[in-house]
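From first to last, the protein sequence lines stand for chains A and B.
Residue 753 is where the first sequence starts when you use the working numbering, and the numbers rise one by one after that.
Residue 239 is where the second sequence starts when you use the working numbering, and the numbers rise one by one after that.
From the three backbone atoms N, C-alpha and C, an ideal C-beta is built for every residue, glycine too.
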Amino acid sequence: MKKTLTALALAMAAATPALAELVVPNLSYRTGPYAPGGIPYADGFNDYFTLLNERDGGIGGEKVANPECETAYNTEKGVECYEATKGSGALVYNPLSTGITYQLIPKVTADGIPLYTPGYGRTSAANGKVFSNVFNYPANYWDAASVAVKYLLDENGGDLSGKKIALVYHNSAYGKEPIRTLQELSKKHGYELVEVPVDHPGQEQKSQWLQIRRDKPDYVLMWGWGVMNAVAIQEAANIKFPMENFIGVWWSGSENDVLPAGDGANGYKSLAMHGTGMDYPVYADLKQYVYDAGKASGAGDQVGSVLYSRGMYAALVISEAIRKAQELAGTSAVNAAQVRDGFEALEITEERMAELGLPHFGQPFAASCSDHGGPGAALIQQWDASAKKWSLITGFIAPDDEVLTPLVMEDSAAFAAENNIAERCN
Amino acid sequence: MPDQLLFAMEVTLNGLMAGVMYSLVALGFVLIFKASGIFNYAQGVLALFAALTLVGFQNGQIPFAHLINAIFGTNLHEFGWHLPAVVAIALTGAVMVLLAIIIEKFVLKHLVNQAPIILFMATIGMAYFLEGLGDIMWGADIKKLDVGLPQGISETVESVTDSLFGYGFFIDNLDIVATVVAALLVLSLTLFSQYTKYGRALRAVADDHQAALSVGISLRFIWVLVWSIAGVVALVAGIMWGSKSGVQFSLSLIALKALPVLMLGGFTSIPGAIVGGLIIGVGEKLFEFLVGPMIGGATENWFAYVLALLFLVFRPQGLFGEKIIERV
Chain A
753 MKKTLTALAL AMAAATPALA ELVVPNLSYR TGPYAPGGIP YADGFNDYFT
803 LLNERDGGIG GEKVANPECE TAYNTEKGVE CYEATKGSGA LVYNPLSTGI
853 TYQLIPKVTA DGIPLYTPGY GRTSAANGKV FSNVFNYPAN YWDAASVAVK
903 YLLDENGGDL SGKKIALVYH NSAYGKEPIR TLQELSKKHG YELVEVPVDH
953 PGQEQKSQWL QIRRDKPDYV LMWGWGVMNA VAIQEAANIK FPMENFIGVW
1003 WSGSENDVLP AGDGANGYKS LAMHGTGMDY PVYADLKQYV YDAGKASGAG
1053 DQVGSVLYSR GMYAALVISE AIRKAQELAG TSAVNAAQVR DGFEALEITE
1103 ERMAELGLPH FGQPFAASCS DHGGPGAALI QQWDASAKKW SLITGFIAPD
1153 DEVLTPLVME DSAAFAAENN IAERCN
Chain B
239 MPDQLLFAME VTLNGLMAGV MYSLVALGFV LIFKASGIFN YAQGVLALFA
289 ALTLVGFQNG QIPFAHLINA IFGTNLHEFG WHLPAVVAIA LTGAVMVLLA
339 IIIEKFVLKH LVNQAPIILF MATIGMAYFL EGLGDIMWGA DIKKLDVGLP
389 QGISETVESV TDSLFGYGFF IDNLDIVATV VAALLVLSLT LFSQYTKYGR
439 ALRAVADDHQ AALSVGISLR FIWVLVWSIA GVVALVAGIM WGSKSGVQFS
489 LSLIALKALP VLMLGGFTSI PGAIVGGLII GVGEKLFEFL VGPMIGGATE
539 NWFAYVLALL FLVFRPQGLF GEKIIERV
């Protein structure tokens, strides 16, 4: 009996995977109305870490674990996931939800854990002097709004005066983020801004698009997520709004958003923080070590899509921050505080992106104590419905920092005053 | 004619069309409530499940492919066929009937004579189960639904109104189709319930379960029948809404649009579902047009409920609902 128990204990010990040193929880959403966006992002995120584990033995010799926790894009569940996973030695969070991000900012700051929110979350977190634990490089919502306006300026010979721009937005904290920026930019460039809110989930938008048909804006910008994007693009096609004048933020620019409208979506444009598709060397390694090895996350059918690429990019930045933290701390078994330092000292050059198998995929950036937001540049991509493919039609466009920097400073100063935060980095 | 008046007319027409779309969802609720007194929380999910199944059949998707692949290490995804829309719709209709039989056999049969709240809770459970089942069977990715329905602006309406008023109205072709389909559906349901043996049995059960049982009507059969019909109505709603937005999991949330319609029209009246839908559709669209811009817009979701509540103050049973008289 004793022998049997010993054998059983040994067998169990052998069967249990070795405890990973680096825990990067994946607060994902694979269920509910926003699952079509959450699944590819989570798959890309997981697959990149699987690649590092399988090909390189992890980061700096330490394996990475990605325990998943389902948030269903629900803020309360997201906070529960944070509380449930932080005790496992979580090094960083990336919840893919602006609502969850807002709730986690005070918590991660108190707990000393970094929060990485690329292209989403609280924009003014770009000010590292106030937001010590939040990082949103390479670009944020206000950058996106500014880049969209700069692109329209280019399209109109540098003059938008007298033009009418409608903003169709998800009536939530996320959707309202660009309004202030667009209002400020309208003062500078003389365009008229028309705000058109759409309530969650956005399945019915007849009123909004009738309004757009009546108002006849020259351009429509969209800050949508989930089904709202697909319905908006279909409705725009229905009213024959010129698709080339319809530009979505990067969260309104995935295959999920355009495919349901079929040919009607042809010519629709969106912002992009990074490249997409599988024409990058990293995919050869992913194929060898992850897909062909049967270790792909989820069903393995999201590879190369826009949101898969974004999840992979987020994982890449996190892994580089961990690598930097290991370098700074002189140990491979880093803790959350050290990873925060890694995020703050992170620099990703084009040469490094090429080494990682993703040349010309994302913009180079260097963070600092005060700059947690990066350069904020973005690309414009356009949908080709017949080829079912996004094509990049511009290079990286830099945002208008002259307008954005004071806004970031103002908002972060208000947050600092509300929460009695003393500025750092002085 | 002043522009604002023309715009209001256009908004009213579109409100009527939107109301028809809401009614399509509300009809399923009414059918089941009328026949069994169950408020079927799962009706929205039934529409989602039907639409997922329809797209799956049409595209030759292998059900449970992800699960099979995960267990057996295979790489199965599609059968390799593309079914004509009519065949796929017929097959999906059959699946909805099968689902009704399963629901009756495994859920309802065991809950006969239970309090309505127990049955309601059971439908909540069914909603979550079916949503999960749909996910496992067909995947959670967004799918394009194309059964050949026309979409986009009706050129005829636009040109006629343009010649009449100097402003071409926007009416979506899909909404026109939905209106015709809803009218046919209501007509068929009315003919079925008035002139067929099973329709009369269904009405008898709706009037008085005990009396219907005493004359030999099988309650279990009627439940299967009514859940089958509600399943087919859910399929129609799923097709119409899925054609608009693609088939994805927020399709189940269309039930939220049906609730104010039911509150207003009454839970037991098919004409009530239609009239309620039209009032909600027009009311919310006109309110958004006239008042929305003054208070920041996005009023439709909450205004539909406010409108329904206003009606409830004066007619608690809804416009066409049966008046509840309880004697002490």
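Contact check, residue i vs residue j, beta carbons under 7 Å
| i | j | result |
| --- | --- | --- |
| residue 887/A | residue 1026/A | no |
| residue 892/A | residue 1125/A | yes |
| residue 779/A | residue 821/A | yes |
| residue 788/A | residue 384/B | no |
| residue 890/A | residue 1115/A | yes |
| residue 1050/A | residue 791/A | yes |
| residue 556/B | residue 519/B | no |
| residue 900/A | residue 999/A | yes |
| residue 864/A | residue 1088/A | yes |
| residue 506/B | residue 559/B | yes |
| residue 483/B | residue 983/A | yes |
| residue 395/B | residue 409/B | yes |
| residue 517/B | residue 263/B | no |
| residue 1137/A | residue 1015/A | yes |
Where residue i meets chain A, residues with beta-carbon distance less than 7 Å
| i | result |
| --- | --- |
| residue 539/B | 951 |
| residue 410/B | 990 |
| residue 304/B | 1051 |
| residue 248/B | 962 |
Delimiting residues of the alpha helix (DSSP H) encompassing residue i
| i | result |
| --- | --- |
| residue 829/A | 827 to 837 |
| residue 432/B | 411 to 433 |
| residue 1162/A | 1153 to 1170 |
| residue 333/B | 323 to 344 |
| residue 929/A | That residue, residue 929/A, is in no alpha helix (DSSP H); it is neither H nor E in DSSP. |
| residue 995/A | Counting along the chain, residue 995/A falls outside any alpha helix (DSSP H), and DSSP gives it neither H nor E. |
| residue 354/B | 354 to 376 |
| residue 384/B | That residue, residue 384/B, is in no alpha helix (DSSP H); it is neither H nor E in DSSP. |
Terminal residues of the beta strand (DSSP E) in which residue i lies
| i | result |
| --- | --- |
| residue 1136/A | 1131 to 1136 |
| residue 1142/A | 1141 to 1144 |
| residue 922/A | 916 to 922 |
| residue 971/A | 971 to 975 |
| residue 1024/A | 1021 to 1024 |
| residue 401/B | First-last for residue 401/B: 393 to 403, but that is the alpha helix (DSSP H), not the beta strand (DSSP E). |
| residue 949/A | 944 to 950 |
| residue 780/A | 778 to 780 |
| residue 820/A | 820 to 822 |
Contacts around residue i, its chain only, beta-carbon distance under 7 Å, and the 5 residues preceding and following it disregarded
| i | result |
| --- | --- |
| residue 400/B | 406 |
| residue 784/A | 824 and 825 |
| residue 837/A | 777, 819 and 821 |
| residue 372/B | 286, 287 and 290 |
| residue 847/A | 779, 823, 830, 853 and 856 |
| residue 1172/A | none |
| residue 1184/A | Since the displayed chain A opens at 753 and closes at 1178, residue 1184/A lies outside it and no answer follows. |
| residue 1007/A | 1057 and 1058 |
| residue 928/A | 921 |
Closest Cα partner of residue i within the set the options
| i | options | result |
| --- | --- | --- |
| residue 393/B | 386/B, 437/B and 414/B | 414/B |
| residue 958/A | 526/B, 387/B and 462/B | 526/B |
| residue 1175/A | 795/A, 879/A and 815/A | 879/A |
| residue 1066/A | 782/A, 786/A, 794/A and 1019/A | 794/A |
| residue 925/A | 895/A, 995/A, 827/A and 1100/A | 827/A |
| residue 358/B | 510/B, 339/B, 274/B and 264/B | 274/B |
Neighbour list for residue i in chain A, Cβ cutoff strictly below 8 Å
| i | result |
| --- | --- |
| residue 378/B | 782, 783, 787, 788 and 791 |
| residue 483/B | 955, 979, 982, 983, 986 and 1012 |
Neighbouring residues, chain A, relative to residue i (Cβ below 9 Å)
| i | result |
| --- | --- |
| residue 252/B | 958, 959 and 962 |
Residue i: contacting residues in chain C (beta-carbon distance under 8 Å)
| i | result |
| --- | --- |
| residue 391/B | Absent from the structure: chain C. Protein chains present are A and B. |
Residue i: contacting residues in chain B (beta-carbon distance under 9 Å)
| i | result |
| --- | --- |
| residue 1046/A | 311 |
Neighbourhood of residue i by C-beta distance below 8 Å, restricted to the same chain and skipping five residues each side
| i | result |
| --- | --- |
| residue 490/B | 282, 283, 285, 286, 365 and 369 |
| residue 318/B | 298 |
| residue 903/A | 999, 1132, 1146 and 1149 |
| residue 442/B | 449, 450, 453 and 455 |
Where residue i meets chain B, residues with beta-carbon distance less than 8 Å
| i | result |
| --- | --- |
| residue 948/A | 535 |
| residue 1018/A | Going along chain B, no residue has its Cβ under 8 Å from residue 1018/A, so there is no contact; the nearest lies around 13 Å. |
Residue i: contacting residues in chain B (beta-carbon distance under 7 Å)
| i | result |
| --- | --- |
| residue 966/A | 245 |
| residue 923/A | 536 |
Beta-carbon proximity list for residue i, same chain, < 6 Å, skipping 5 on both sides
| i | result |
| --- | --- |
| residue 495/B | 260 |
| residue 970/A | 915 and 916 |
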